[in-house]
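Those sequence lines, one after another, are chains C and A.
First residue of the first sequence? That's 1 in full-length UniProt numbering, and the numbers climb one at a time after it.
First residue of the second sequence? That's 1 in full-length UniProt numbering, and the numbers climb one at a time after it.
No residue lacks a Cβ here, since even glycine has one placed at the ideal position from N, Cα and C.
Here is the structure we will look at.
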Amino acid sequence: MINAVGREIPDELLTDGREVYQGKYHMDGKSFRKAGPMAVRREKPQESKVLGSIREACERCGAHDGMTVSFHHAFRNGDYVTSMVMKVLVEEMGLKDLTVATTSLGSAQDRLADYIEQGKIIGIQSSGVRGRIGEVISAGKLRTPAVIRSHGGRPRAIETGELHIDISFIAASTSDDYGNAKGTGGKHDCGAMGYAVADSHYADHVVVITDTLVPFPNMPAPIRSIDVDAVVVVSAVGDPAKIGTKEARITKDPRNLMMAENCARVIASTPYFKEGFSFQTGVGGPSLAVNRFLEQYMVDKGIRMGFALGGMGGNICDLMDKGLVGKLLDTQDFDMKAIRHLQDHPDRHLEISTSEYANAANKGAYVNKLDFVVLAALEIDTDFNVNVLTGSDGVLRGAPGGHPDTAEGSKCCIIVTPLVRGRMATVCKRVVTVTTPGDCVDVLVTDYGIAVNPKRPDLIECLDRASIPHVTIQELQEKAYRLVGTPDDLEWEDRVVAVLEARDGTILDVIRKIKPLKL
Amino acid sequence: MEIRKTALAGTLESSDAQVTVSPGDSGIELTLESSVMNQYGRQIRATVLDVLARLGVRDCRIKVVDKGALDCTLKARVECAVFRSNGISAGKVPWGGDIR
Numbered sequence: 001m002i003n004a005v006g007r008e009i010p011d012e013l014l015t016d017g018r019e020v021y022q023g024k025y026h027m028d029g030k031s032f033r034k035a036g037p038m039a040v041r042r043e044k045p046q047e048s049k050v051l052g053s054i055r056e057a058c059e060r061c062g063a064h065d066g067m068t069v070s071f072h073h074a075f076r077n078g079d080y081v082t083s084m085v086m087k088v089l090v091e092e093m094g095l096k097d098l099t100v101a102t103t104s105l106g107s108a109q110d111r112l113a114d115y116i117e118q119g120k121i122i123g124i125q126s127s128g129v130r131g132r133i134g135e136v137i138s139a140g141k142l143r144t145p146a147v148i149r150s151h152g153g154r155p156r157a158i159e160t161g162e163l164h165i166d167i168s169f170i171a172a173s174t175s176d177d178y179g180n181a182k183g184t185g186g187k188h189d190c191g192a193m194g195y196a197v198a199d200s201h202y203a204d205h206v207v208v209i210t211d212t213l214v215p216f217p218n219m220p221a222p223i224r225s226i227d228v229d230a231v232v233v234v235s236a237v238g239d240p241a242k243i244g245t246k247e248a249r250i251t252k253d254p255r256n257l258m259m260a261e262n263c264a265r266v267i268a269s270t271p272y273f274k275e276g277f278s279f280q281t282g283v284g285g286p287s288l289a290v291n292r293f294l295e296q297y298m299v300d301k302g303i304r305m306g307f308a309l310g311g312m313g314g315n316i317c318d319l320m321d322k323g324l325v326g327k328l329l330d331t332q333d334f335d336m337k338a339i340r341h342l343q344d345h346p347d348r349h350l351e352i353s354t355s356e357y358a359n360a361a362n363k364g365a366y367v368n369k370l371d372f373v374v375l376a377a378l379e380i381d382t383d384f385n386v387n388v389l390t391g392s393d394g395v396l397r398g399a400p401g402g403h404p405d406t407a408e409g410s411k412c413c414i415i416v417t418p419l420v421r422g423r424m425a426t427v428c429k430r431v432v433t434v435t436t437p438g439d440c441v442d443v444l445v446t447d448y449g450i451a452v453n454p455k456r457p458d459l460i461e462c463l464d465r466a467s468i469p470h471v472t473i474q475e476l477q478e479k480a481y482r483l484v485g486t487p488d489d490l491e492w493e494d495r496v497v498a499v500l501e502a503r504d505g506t507i508l509d510v511i512r513k514i515k516p517l518k519l
Numbered sequence: 001m002e003i004r005k006t007a008l009a010g011t012l013e014s015s016d017a018q019v020t021v022s023p024g025d026s027g028i029e030l031t032l033e034s035s036v037m038n039q040y041g042r043q044i045r046a047t048v049l050d051v052l053a054r055l056g057v058r059d060c061r062i063k064v065v066d067k068g069a070l071d072c073t074l075k076a077r078v079e080c081a082v083f084r085s086n087g088i089s090a091g092k093v094p095w096g097g098d099i100r
């Protein structure tokens, strides 16, 4: 069946009431009963939940063939726990047919690619797949199609019961012996642990893995001991230095700076740019640099940001410390400065779960209160559909993350991206994979010009009034193809290697096995 | 033009291509690797063969390792490799002739 963004979804995927994507807000107002975990009662007082090893905890929690285990990725490229636990499950315990449901996957989990090739891991559910794991999935080596969800889509799927977790392993920087756990105060801090909260509430069993055991009570804590079955102490849970390669710094690349300045101009031209406005940005080159230019517009206009949302870098913390931001609502931290800031400012730098952040099936996620979001793209097509999941060569190498959630929730979603990257046209006729539907995207800022979605005549008027030049997205696409040549269409096999869910749980797109060009 | 000896042009930097030519005796034997193979492989092959034909190269082994180079870069790298294999210094490059 063809869905609302023109993608062919195979009928065999549309079982058990699964629907294809039918446009934004399609599920609004529908009711569902939340799923609940099978929980074990611990009535008889136990002095401590600390067990001697990961294996002991796995055995205590009934680890078995065919189960689903979960992890969070707050340590990003510095995560040790996912690989550590999977090694115990697969190599020490000899378990098989496992499904790994993580909040994201990258090069820190390359070991899992081996287990996929060996057939030990048969399912992957994740927001992102980068590194070798993306390559083996794209090559069709995972037995079942991977399921890709946004950061808001994951807690939704957990709460509806579409994703049931048998054991959740939660890496924590500190924990007490009862399992109150957080991402600060330890030997290796990751900061906010917003990704792990839904898992701690809905998994049948929860194991906290830490390298810094602290006296009870380790509170306030995002992971609460009433949800935790066992605590395991290891030598190191992760390397904070690898969360970001370094503290996210403002780019010096004049092209990125120009795009960032134009983003800030667009923001300042809209009626939403007023006292108490709200804002989210990523930490990638041009989107991060928007902060700097925005600061000047705020100072000039004498206004403050009410809150910033999502992943936090040191940059937005600086803006708060200058008195220009009211609250930070933080799901994850991208650098050491933000981690310290979270620890030092518990009154205004607040940790939130990804359900609070972006879940489309709760009673109002915070993305719905966003005025502006500035996002990157691997590709954007002339219908404003964005791809942040597959490379132009069709291989999985990205993550929707909070992209579709913030794009849909916010009043003004700005995509900032260079027109071409090397020989790849970022602005193209048809994106390889639709991760964010075009009707959620409002403005495109490139190094060759700005385009506004014709569905937003009000924004077009704002830009015109501010004398900000803009062109049609078709003109940008044609310019890109003139520079790099028109790309050939990719060729695919029938086999679906990954299913991409829209944030509401309908099927937005599928990724098939790529047929590499042989000359 | 004949390929007299093995010669190389270009780098493995992003947006460049490294071209190696060496003498051959059975037409053009092209080996192509590209970071944009799936979208641009056919166009890269056509561009490379086109330049060789323009320079009158009939027999040659040519290896192209492309890192997403634009057409103009590819052309320049192929031309340069062919001239280097002929020992033609910068001063003897036929600007406005075979090189346009």
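Q | chain C contact residues for A/D71, given Cβ-Cβ distances below 8 angstroms | A | Position 71 of the second sequence, counted from the first residue, corresponds to residue 71 of chain A. Under the 8 angstroms cutoff, chain C gives G485.
Would you kindly work out how many angstroms separate the C-alpha atoms of C/R7 and C/R430, rounded to a whole number? Position 7 of the first sequence, counted from the first residue, corresponds to residue 7 of chain C. Position 430 of the first sequence, counted from the first residue, corresponds to residue 430 of chain C. Their backbone Cα atoms lie some 11 angstroms apart in a straight line.
Note down, in chain order, all residues in the stretch 14-48 of chain A with a beta-carbon under 7 angstroms from any beta-carbon belonging to chain C.
Hits within the stretch, in order: S14, S15, L32, V36, M37, N38, Q39, Y40, G41, R42, Q43 and R45.
| said: Rounding to the nearest angstrom, what Cα-Cα distance links C/K501 and C/V441 in this structure? | reply: By one-based count along the first sequence, residue 501 of chain C stands at place 501. By one-based count along the first sequence, residue 441 of chain C stands at place 441. A small fix is needed here, since residue 501 of chain C is Glu in this sequence, not Lys. Each residue's Cα considered, the two are about 18 angstroms apart.
Requested in this report: Only counting runs of 4 or more residues, tell me where the alpha helix (DSSP H) segments fall wholly within the stretch 457-487 of chain C, in order along the chain.
Outcome: 457-465 and 473-484
Measuring CB atoms only, is the stretch 300-308 of chain C touching the stretch 322-335 of chain C, in the sense that at least three cross pairs come out at less than 8 angstroms? yes
Please classify A/V48 as buried or exposed, where buried requires at least 16 other C-beta atoms within 10 Å of its C-beta. On the second sequence, residue 48 of chain A is found 48 positions in, with the first residue counted as 1. Label assigned to A/V48: buried.
message: Please report the distance separating the alpha-carbon of A/D16 from that of C/P516.
response: One-based indexing of the second sequence puts residue 16 of chain A at position 16. One-based indexing of the first sequence puts residue 516 of chain C at position 516. Their Cα atoms are separated by approximately 22 angstroms.
Contact belief for C/A113 with C/V136 at Cβ below 8 angstroms, rounded distance in angstroms | The count along the first sequence starts at 1 and reaches residue 113 of chain C at position 113. The count along the first sequence starts at 1 and reaches residue 136 of chain C at position 136. Taking C-beta atoms under 8 angstroms as the contact rule, C/A113 and C/V136 qualify, at a distance of about 5 angstroms.
Requested in this report: Leaving aside the five residues before and after C/H72 along the sequence, list all residues of the same chain whose C-beta is less than 6 angstroms from its C-beta, in chain order.
Outcome: Taking the first sequence and counting its residues from 1, one reaches residue 72 of chain C at position 72. Result list for C/H72: T103, Y195 and A196, in chain order.
**Request:** Closer than 6 angstroms by C-beta to C/L95: which residues in its own chain qualify, once you throw out the five before and the five after it? Chain order, please.
**Result:** Translated into positions along the first sequence, residue 95 of chain C becomes position 95. Closer than 6 angstroms at Cβ, skipping near neighbours: D65 and L89.
Against C/I514, what residues of chain A qualify as contacts under a CB-to-CB distance less than 9 angstroms, listed in chain order? Translated into positions along the first sequence, residue 514 of chain C becomes position 514. Per Cβ cutoff of 9 angstroms: N38.
query = Within 10 angstroms of its Cβ, does C/H173 collect 16 or more other Cβ (buried), or is it exposed?
reply = Along the first sequence, one-based indexing puts residue 173 of chain C at 173. Per the sequence presented here, residue 173 of chain C reads as Ser, with His not at that position. Buried is the call here.
Check: Is it buried or exposed for C/C61, if we count other Cβ within 10 angstroms and need 16 for buried?
Finding: Against the first sequence, residue 61 of chain C aligns to sequence position 61. Per the 10 Å Cβ criterion, buried.
Exercise. Kindly list, in the order they appear in chain A, the residues whose Cβ is closer than 8 angstroms to that of C/L490.
Key: As a first step, residue 490 of chain C must be located in the first sequence, where it is residue number 490. Neighbours of C/L490 on chain A, chain order: N38 and Q39.
Is the Cβ of A/K67 closer than 9 angstroms to any Cβ of chain C?
-> Counted from its first residue, the second sequence places residue 67 of chain A at position 67. Chain C contact via Cβ: present.
Review point. If you pair each beta-carbon of the stretch 415-423 of chain C with each one of the stretch 374-381 of chain C, do three or more pairs fall below 8 angstroms?
Key: The stretch 374-381 of chain C and the stretch 415-423 of chain C touch, with three or more beta-carbon pairs separated by less than 8 angstroms.
Going straight from the alpha carbon of C/P346 to that of A/N38, what length do you get?
-> Locating residue 346 of chain C in the first sequence gives position 346, where the first residue counts as 1. Locating residue 38 of chain A in the second sequence gives position 38, where the first residue counts as 1. Answer to the nearest angstrom: the Cα atoms are 50 angstroms apart.
Using 9 angstroms as the limit for Cβ to Cβ distance, is C/S107 near chain A? Within the first sequence, the letter at position 107 stands for residue 107 of chain C. Not an interface residue.
Are the beta-carbon atoms of C/T160 and C/Q125 separated by less than 9 angstroms? Numbered from 1 along the first sequence, position 160 holds the residue referred to as residue 160 of chain C. Numbered from 1 along the first sequence, position 125 holds the residue referred to as residue 125 of chain C. No, the pair does not count as a contact, with Cβ atoms beyond the cut-off.
So A/Q39 is in the alpha helix (DSSP H); what residue range does that whole segment cover? Within the second sequence, the letter at position 39 stands for residue 39 of chain A. Here the alpha helix (DSSP H) through A/Q39 covers M37 to R54.
What residue range does the beta strand (DSSP E) around C/G326 cover? As a position in the first sequence, residue 326 of chain C is number 326, starting the count at 1. Unbroken beta strand (DSSP E) run through C/G326: V325 to D333.
Looking at the structure shown, is C/I137 part of a helix, part of a strand, or coil, going by DSSP? Residue mapping note: residue 137 of chain C aligns to position 137 of the first sequence, counting from 1. Correct three-state label for C/I137: helix.
Contacting residues, own chain, Cβ-Cβ under 6 angstroms from C/A4 (five flanking each side not counted): Along the first sequence, read from residue 1 onward, the residue named residue 4 of chain C stands at position 4. Once the five neighbours on either side are set aside, the close Cβ partners of C/A4 are Y21, Q22 and G23.
*Between the stretch 47-61 of chain A and the stretch 11-28 of chain A, do three or more beta carbon pairs fall short of 8 angstroms?*
yes
Helix, strand or coil for C/A172, going by three-state DSSP, please let me know.
-> Reading the first sequence from its first residue, position 172 is the one you call residue 172 of chain C. Strand, per DSSP.
Step through the CB atoms of chain A and report whether any lies within less than 9 angstroms of the CB of C/R423. In the first sequence, residue 423 of chain C corresponds to position 423, counting from 1. Interface residue, yes.
DSSP has C/A425 in a bridge; who is on the other side? Numbered from 1 along the first sequence, position 425 holds the residue referred to as residue 425 of chain C. The bridge partners DSSP lists for C/A425 are C/V420.
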